[in-house]
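Data block below; observations after.
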């Protein structure tokens, strides 16, 4: 998993959401939000064009998530980028098809691992775990949290607040805002809350509107995908 | 004397910011405090109308900021309460005529001379609101027991927290006990549970507010109005007094419990 990139900010423009660029040791890493590939691609090109001076001569790695890209599409992007004097050197993808395409075009498909800080001996009882962001405050209306990892909130998520997570979202408090787990298509993502009364829940590409009006009994609930549908059930330990 | 700067704001328009500013100012002045109100709603001024001082405006806030008059000259003195002053907004300019640092400078100049500076913020979260927030030592968020007003109040509180202003105190305005009892209106419990800030006043819906607003006679001057009484209580709480909340006959809700809590402290109101 790539290092997580976390922002807490007020609502931003659609373009920001579609394309994120950050510096890594080997150059720049581009990640994408949701949307059609053609849209994301134009957003990336437009973004680079806007700041042509900054990007000139840059080396780009792009993480295309689940998009399935053929040689024509990747070739097109590489040409367009080189017109802007930007070189494409790596394509990271969850799709084997895209990986193969990238390899055919002579592009890298893996980022070098960051230098390990210490070499941990991993036995069967030692778990590595996954990256999560901890937010120890109430997210009020207008707050927005987006991250590629998981999210844990200790506090409330009020109506009008939004959380976008690549992984799962756990709210130790009342969830009354909007949460999208698995933004990059992770269907294993879940959403848990001590009290579940959201405006809307999304997991991967599914959307669920939770019935309002009658107050739900306040018990811990978990939302997850089952057969492509979001289901919400009381959380019970087994 | 070092004044406390109190900004009255709400996010949503029409919830009673200006009425609250006028009445709390009047109530504080009636308690012998020296009070200056500043109307920060440039371009849409109306605090002067509510206070009944419209016909005495010569200079306004923008004149002060742009150096066309001295601060003293723009301070209109109330006839009823000699320790109450108003600095009106300009009607013909827009919010960009004043900056947050202008407001801070202006308040710093006033701080040594008065006890309270009350700033009436415009609706919204843009420049005008930022102007009003900049010098604040305390923020009074006014809301109504309606979902949309509460949502905006939450947004405002979030911004105030992010800017590290505050403390925030909540005024629940225009509460209708009959609707609340029937469950047709949010009750104070629901609002406080969501907003999680300290309550400083509950003001009942009261038609005398409309009448007095139109007359330019703030309702807090009227001893018989229930809304007027509620505003007087807010002023006393600002002064540090512990005053029980009005009993609005709210069934078994929050108010009744509070009333019960405070019953030993004497009659309500």
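Residue numbers (our numbering), protein chains in the order written: chain A, 7 to 244; chain B, 699 to 967.
Ideal Cβ positions, reconstructed from N, Cα and C, are used throughout, including at glycine.
Three-state secondary structure assigned by DSSP to residue i
i	result
residue 239 (chain A)	strand
residue 757 (chain B)	coil
residue 767 (chain B)	coil
residue 964 (chain B)	Below a pLDDT of 50, predicted positions are generally treated as unreliable, and residue 964 (chain B), at 42, falls in that range; no measurement from the model is reported.
residue 911 (chain B)	helix
residue 810 (chain B)	coil
residue 225 (chain A)	coil
residue 871 (chain B)	strand
residue 906 (chain B)	helix
residue 920 (chain B)	coil
residue 745 (chain B)	helix
residue 708 (chain B)	coil
residue 740 (chain B)	coil
residue 28 (chain A)	strand
residue 1 (chain A)	This structure does not reach residue 1 (chain A), given that chain A is present from 7 up to 244, and the question cannot be answered.
residue 715 (chain B)	helix
residue 124 (chain A)	In this prediction, residue 124 (chain A) has a pLDDT of 47, which is less than 50 and means its spatial position is unreliable; what the coordinates show is noted afterwards. Residue 124 (chain A) falls in the coil class under three-state DSSP.
residue 155 (chain A)	coil
residue 899 (chain B)	strand
residue 727 (chain B)	helix
residue 33 (chain A)	strand
residue 930 (chain B)	helix
residue 215 (chain A)	coil
residue 894 (chain B)	coil
residue 703 (chain B)	strand
residue 203 (chain A)	coil
residue 23 (chain A)	helix
residue 145 (chain A)	strand
residue 734 (chain B)	strand
residue 232 (chain A)	strand
residue 862 (chain B)	coil
residue 139 (chain A)	strand
residue 114 (chain A)	strand
Burial state of residue i, where buried means 16 or more other Cβ atoms lie within 10 Å
i	result
residue 842 (chain B)	buried
residue 186 (chain A)	buried
residue 122 (chain A)	Note that residue 122 (chain A) has pLDDT 48, beneath the 50 cutoff, so the model's placement of it is unreliable and the number below is only indicative. Counting Cβ neighbours within 10 Å, residue 122 (chain A) comes out exposed, since fewer than 16 surround it.
residue 198 (chain A)	buried
residue 243 (chain A)	exposed
residue 88 (chain A)	exposed
residue 833 (chain B)	buried
residue 230 (chain A)	buried
residue 140 (chain A)	exposed
residue 718 (chain B)	buried
residue 768 (chain B)	exposed
residue 910 (chain B)	buried
residue 97 (chain A)	buried
residue 18 (chain A)	Residue confidence is low: residue 18 (chain A) scores 42 on pLDDT, short of 50, so the model does not pin down where it sits. No coordinate-derived value is stated.
residue 192 (chain A)	buried
residue 734 (chain B)	buried
residue 195 (chain A)	buried
residue 882 (chain B)	exposed
residue 31 (chain A)	exposed
residue 933 (chain B)	buried
residue 712 (chain B)	exposed
residue 737 (chain B)	buried
residue 118 (chain A)	exposed
residue 124 (chain A)	Low confidence applies here, because residue 124 (chain A) scores a pLDDT of 47, under 50, leaving its location unreliable and the question unanswered by this model.
residue 891 (chain B)	exposed
residue 774 (chain B)	buried
Handout entry: Stretch-stretch touch, CB-based, cutoff 8 Å, three pairs: the region 780 to 789 of chain B with the region 741 to 753 of chain B
Key = yes
Practice task
Count the C-beta pairs between the region 895 to 904 of chain B and the region 736 to 746 of chain B that are closer than 8 Å, then say yes if the count reaches three, no if not.
Solution key: no
Handout entry: Touching by the beta-carbon criterion (3+ pairs, under 8 Å), the region 163 to 171 of chain A and the region 844 to 864 of chain B
Key = yes
Exercise for the section: Taking only beta carbons into account, state which residues of the region 885 to 907 of chain B come closer than 9 Å to chain A, listed in chain order. Expected result: 891, 892, 893, 894
Problem - Every unbroken beta strand (DSSP E) within the region 37 to 104 of chain A, with a cutoff of 3 residues, ordered by chain - result: 65 to 69, 93 to 98
Exercise for the section: May I ask you to list, following chain order, the residues of the region 853 to 877 of chain B that have a beta carbon less than 7 Å from some beta carbon of chain A? Expected result: 853, 855, 856
Exercise for the section: Residues of the region 151 to 182 of chain A with a CB closer than 8 Å to any CB of chain B: list them in chain order, please. Expected result: 162, 164, 165, 166, 182
Exercise for the section: For the region 164 to 193 of chain A, list the alpha helix (DSSP H) runs that are entirely contained and at least 4 residues long, ordered along the chain. Expected result: none
Handout entry: chain A contacts made by the region 839 to 853 of chain B, where a contact means CB separation under 7 Å
Key = 849, 852, 853
Problem - Entirely enclosed beta strand (DSSP E) segments - the region 774 to 859 of chain B, minimum 3 residues - result: 782 to 785, 814 to 818, 836 to 841
Practice task
Would you be able to state if there are at least three C-beta pairs under 8 Å between the region 70 to 80 of chain A and the region 32 to 49 of chain A?
Solution key: yes
Handout entry: the region 814 to 825 of chain B touching the region 702 to 718 of chain B, judged by at least three CB pairs closer than 8 Å
Key = yes
Exercise for the section: Please confirm if the region 929 to 941 of chain B is in contact with the region 761 to 778 of chain B, defined as three or more CB-CB distances below 8 Å between the two stretches. Expected result: no
Handout entry: Interface residues of the region 138 to 149 of chain A facing chain B [CB-CB below 7 Å]
Key = 144, 146, 147, 148, 149
Practice task
Report yes or no: do three or more beta-carbon pairs, one from the region 104 to 118 of chain A and one from the region 77 to 87 of chain A, lie closer than 8 Å?
Solution key: yes
Exercise for the section: Decide yes or no for the touch test of the region 865 to 872 of chain B against the region 152 to 163 of chain A: beta carbon pairs closer than 8 Å, at least 3 of them. Expected result: no
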